[in-house]
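Scroll down for the structure; my scribbles are underneath it.
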């Protein structure tokens, strides 16, 4: 069984730390790679600059994608992924602080598999992230390889 | 000057001209009347004058003729009274000699004869007519009484000895004188026959010179009214009408001739002589054609008429001239003044060179008027232009300000949204790491430290709620109004159902009037109803019998929607803070809340062009009423700042 990796695209280190902690405390032992902006996420996924020889599977099991990102926004990253045959079906969960209707609509129209709002309250946040992680790495059945 | 009538004398153009024409025609009529009246008077005067003169003439002629006849009669009488004849003892030879002597002495006598008492001619000149009977003559009986003059009559058988006169049979006038003997007995009659052409000659010689009275003619009439002397063609004819005795003058229409003025002598040639001496009874009529007799009157009339016509003509001409003289500068003046119509200044100088009369005064007045009006107009236009500039500037400024305000508002909203959004991550970090600290290192912390961390977490939560509220407030007024007919009753019911679901244990009496409709944005008005009913729900929490009402009322023609409760209420003294964000009238431990709801409600209603009021007293419940105009402000963006 191939390793199931989560790609977390998050520019805020504190959110990153809290996300990682929540996933860890929820018992998600899978490897979690982090990209700090949209471009880095694309480089990671398509083995671009700096990621040519990264270890692990070709693609992560799920991408947790923030919307407000430096360089390329989360919606732009999503568009690139959906435009590429390799990543067209890659599960992407939008995990964002935004509760704008327009963002939600744009996300789903852009091909997001899920839209999750980061709760303000840390307790809720931790629970939400934990459930997300467990769901995508354990509950959800990914596409068969190939 | 044009040929057409100047307006001042053209009756079609000017009322004054009509009067002027009326006066002119009256003048002409007066002239005609005067002329004819004067002519009539003149005719009358002339008739009197001429009549008298003609009458005198007639009398003179009559007297002359009469005298001549009388003289002849006297001669005959003298002869008759000669002793030879009066003695009655005459011999025919002697008597004939006597008669012949008289005849040769008086050639006017054509024939003389002595008739016997019985009327037989005993002796006569030349022996003519001797033996003839004269007793059948009309004058015979009269002649036996006294001297008598007969009437003219044709010569008859004497014509042969007399010869023709003008190719006509001569006429004779019988003069008869009785022969009376010494004893006074009439023994016979001496008859003399006077040549009528002799009298005619006398008559001709007595005609006045033609110069004194042109066309004047005299006619001599016998007792029967026959013309016996007169111009050729008149003799032997009677007068066209009988003459009265007064002697004239009279105007008579002569058949076949012109109208004539007549005057005549009295019925006898010499008044009184007729009866006494048995005169010839000749009447003299003098006539003159009225055309000539009244020539002067006619001339006068013609002169008067001509003068009247000329005067009228002159008056018309003069009035036209004068009217033109007045009208021309006035017309030029109006033309010059009407230059204003073509936006040119009135220019009177070329029209009125060196004038100082009333026209110039009018021109001056017009000029002054124009300059004053032009000045005023210019001032007005300047003021108007200034006003327009000002208005345009104001509009521009208002537009600019509005745009600025809108931009500022948009920016403020965006800022509020961004701030509240961006505040969430650090806040999550604060609360998250505090939680993590508590969870991971709780056992190593003493109770006080844990209490502090709890406070941090509590504060974070509260701040999170406030940020959430800010976002709601900001979002409530972002974007355009999507207007439609909104059923507020339905919105109220939905809100109450939500509240009931959240707190199923609450028993609240909800009265919602049906069919409360308003025009507005359904999403925003839903937020309004949710907030107001949420408050009512919340502040009736401590009531044993909570009641919430939604209804409409009309105050002063304005429709208000009212949400009231019988809850805690508030002190109206603090009502000013009621609709400010984060401003609360109750303690958090009494009624928790953010202080965002009513601020949101007020902003939404303001965007709809409506407003909200609150009435309450502590412990007496609260009543919030608001208006939603039928045609709310259609602005796509709020122009009011955040409260």
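Protein chains in written order, with my numbering: chain F, 1 to 146; chain E, 1001 to 1643.
All residues carry an ideal CB built from backbone N, CA and C; glycine is no exception.
For residue i, which residues in the same chain have their Cβ closer than 8 Å to its Cβ, ignoring the five residues on either side in sequence?
| i | result |
| --- | --- |
| residue 1424 of chain E | 1464 and 1467 |
| residue 1461 of chain E | 1431 |
| residue 1500 of chain E | 1506 and 1508 |
| residue 1276 of chain E | Residue placement at residue 1276 of chain E is poorly supported in this model, since its pLDDT is 37, which falls under 50; the coordinates still yield a value, given next. None. |
How would you label residue i, buried or exposed, when you count the other beta carbons within 10 angstroms and need 16 or more for buried?
| i | result |
| --- | --- |
| residue 141 of chain F | exposed |
| residue 1431 of chain E | buried |
| residue 87 of chain F | buried |
| residue 1619 of chain E | exposed |
| residue 1602 of chain E | buried |
| residue 1148 of chain E | buried |
| residue 1415 of chain E | exposed |
| residue 1379 of chain E | exposed |
| residue 1531 of chain E | buried |
| residue 1608 of chain E | buried |
| residue 1136 of chain E | exposed |
| residue 1230 of chain E | buried |
| residue 945 of chain E | Nothing can be reported for residue 945 of chain E, as the shown portion of chain E is limited to 1001 through 1643. |
| residue 1026 of chain E | exposed |
Just to make sure I have the definition right: I need the residues of chain E whose C-beta is within less than 7 Å of the C-beta of residue i. Which are they?
| i | result |
| --- | --- |
| residue 38 of chain F | Chain E residues near residue 38 of chain F: none, gap ~17 Å exceeds 7 Å. |
| residue 21 of chain F | 1436 |
| residue 95 of chain F | What residue 95 of chain F touches in chain E: nothing, since even the nearest Cβ is about 12 Å away. |
Anything in chain F within Cβ reach of residue i, meaning under 8 Å, just list it in chain order.
| i | result |
| --- | --- |
| residue 1435 of chain E | 122, 123 and 126 |
| residue 1464 of chain E | 120 and 121 |
| residue 1474 of chain E | Simply none; closest approach about 11 Å. |
| residue 1468 of chain E | 120 |
Check residue i in the structure and name its three-state DSSP category.
| i | result |
| --- | --- |
| residue 1347 of chain E | coil |
| residue 1079 of chain E | helix |
| residue 33 of chain F | strand |
| residue 1564 of chain E | strand |
| residue 1640 of chain E | Annotation note: pLDDT 38 at residue 1640 of chain E (below 50); position unreliable, no value reported. |
| residue 1330 of chain E | helix |
| residue 1570 of chain E | coil |
| residue 1066 of chain E | helix |
| residue 111 of chain F | coil |
| residue 20 of chain F | helix |
| residue 1487 of chain E | strand |
| residue 128 of chain F | helix |
| residue 1116 of chain E | strand |
| residue 1389 of chain E | helix |
| residue 6 of chain F | strand |
With distances taken between CB atoms, is the gap from residue i to residue j smaller than 8 Å?
| i | j | result |
| --- | --- | --- |
| residue 1529 of chain E | residue 1495 of chain E | yes |
| residue 1519 of chain E | residue 1485 of chain E | yes |
| residue 1131 of chain E | residue 1144 of chain E | no |
| residue 1086 of chain E | residue 1190 of chain E | no |
| residue 14 of chain F | residue 1492 of chain E | no |
| residue 1055 of chain E | residue 1254 of chain E | no |
| residue 93 of chain F | residue 62 of chain F | yes |
| residue 1585 of chain E | residue 1570 of chain E | yes |
| residue 1626 of chain E | residue 1599 of chain E | no |
| residue 1028 of chain E | residue 1308 of chain E | yes |
| residue 1050 of chain E | residue 1289 of chain E | no |
| residue 71 of chain F | residue 37 of chain F | yes |
| residue 1487 of chain E | residue 1536 of chain E | no |
| residue 43 of chain F | residue 7 of chain F | no |
| residue 1287 of chain E | residue 1219 of chain E | yes |
I want to verify the contact list: residues of chain F whose CB lies under 7 Å from the CB of residue i, in sequence order.
| i | result |
| --- | --- |
| residue 1573 of chain E | Near residue 1573 of chain E there are no residues of chain F at all, since even the closest Cβ is about 35 Å away, more than 7 Å. |
| residue 1584 of chain E | Those do not exist, as residue 1584 of chain E stays about 21 Å from chain F at its closest Cβ, beyond 7 Å. |
| residue 1461 of chain E | 121 |
Report all residues from its chain with a CB closer than 6 Å to the CB of residue i; omit the five preceding and five following residues, and keep chain order.
| i | result |
| --- | --- |
| residue 1164 of chain E | none |
| residue 1133 of chain E | 1119 and 1120 |
| residue 91 of chain F | 62 and 113 |
| residue 1103 of chain E | 1109, 1112 and 1125 |
Starting from the C-beta of residue i, find all residues in its chain whose C-beta is less than 7 Å away, skip the five residues before and the five after it, and write them out in chain order.
| i | result |
| --- | --- |
| residue 1296 of chain E | 1042 and 1046 |
| residue 1090 of chain E | 1084 |
| residue 1252 of chain E | 1240, 1241, 1260 and 1262 |
Mind pulling the chain E residues with CB within less than 8 Å of residue i?
| i | result |
| --- | --- |
| residue 98 of chain F | 1421 |
| residue 53 of chain F | Simply none; closest approach about 33 Å. |
| residue 18 of chain F | 1428, 1429, 1432, 1433 and 1436 |
In chain E, what lies closer than 9 Å to residue i by C-beta?
| i | result |
| --- | --- |
| residue 15 of chain F | 1425, 1428, 1429 and 1432 |
Within the present structure, is the beta-carbon of residue i separated from the nearest heavy atom of the ligand GTP by less than 7 Å?
| i | result |
| --- | --- |
| residue 1054 of chain E | By its list of ligands, the structure shown contains no ligand whatsoever, and the ligand GTP lies outside what it can speak to. |
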